[in-house]
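J.:
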Amino acid sequence: MSYERVFRMTFASVYPHYVAKAEKKNRTKAEVDEIICWLTGYDMAGLKKQIDLKNDFETFFAEAPEMHPKCSLIKGVVCGVRVEEVEDPLMQKIRYLDKLIDELARGKAMEKILRQ
4 MSYERVFRMT
14 FASVYPHYVA
24 KAEKKNRTKA
34 EVDEIICWLT
44 GYDMAGLKKQ
54 IDLKNDFETF
64 FAEAPEMHPK
74 CSLIKGVVCG
84 VRVEEVEDPL
94 MQKIRYLDKL
104 IDELARGKAM
114 EKILRQ
């Protein structure tokens, strides 16, 4: 799958998969929302608006209030690629989010996921 195809996917179409992945591992939608808001700076109203507007990932991250200053501390492998080595800035943001959701599904404590 090319980067362009990923960038054009709507955030709203992927969001339910994030929630389902977390819920399968006895985590909650609220935790998924907290992670997304922490990473992007959206509040819940802003997150809901992005979902309702069916914005693509490119727009979702372009309109994000502010990426968390600690996002550079997110390290590890997603889909066989180290997130800290992803060169495209937008793809790196998407992979940061994927990595955080993976950590949630693996049972990591929220304090550690949110790099506190």
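Note that the numbering used here has the sequence shown beginning at 4, numbered continuously upward. Ideal Cβ positions, reconstructed from N, Cα and C, are used throughout, including at glycine. A quick note: this is a predicted structure, and the numbers were derived from the prediction, not measured.
1. Is DSSP giving residue 13 helix, strand or coil here?
2. Please tell me whether residue 22 and residue 35 are closer than 8 Å, where the distance is taken between their beta carbons.
3. Taking only three categories from DSSP, how would you classify residue 61?
4. Using the C-alpha atoms, what's the distance from residue 46 back to residue 4?
5. Is it buried or exposed, residue 86, if we count other Cβ atoms within 10 angstroms and call 16 or more buried?
6. When DSSP builds the beta bridges, which residues end up paired with residue 86?
7. Which word fits residue 48, buried or exposed, when buried means at least 16 other C-beta atoms lie within 10 angstroms of its C-beta?
8. Can you find the residues in the same chain that come closer than 6 Å, C-beta to C-beta, to residue 15, ignoring five residues on each side of it along the sequence?
9. Which residues in the same chain as residue 41 place their Cβ atom closer than 7 Å to its Cβ, once the five residues preceding and following it in sequence are excluded?
10. Mind checking who residue 81 pairs with in its DSSP beta bridge?
T.: On the basis of the data shown:
1. The three-state reading of DSSP puts residue 13 in strand, counting E and B together.
2. Contact: yes.
3. Reduced to three states, the DSSP call for residue 61 is helix.
4. With a pLDDT of only 48 at residue 4, under 50, the local geometry of the prediction cannot be trusted, and no value is derived from it.
5. With at least 16 other beta carbons inside 10 angstroms of its own, residue 86 counts as buried.
6. According to DSSP, residue 86 bridges with nothing at all.
7. Under the 10 Å beta carbon count, residue 48 is surrounded by fewer than 16 other beta carbons and is classified as exposed.
8. Hits under 6 Å: 54 and 57.
9. Taken in chain order, the residues that qualify are 71 and 117.
10. For residue 81, which the question treats as bridged, DSSP gives the partners 84.
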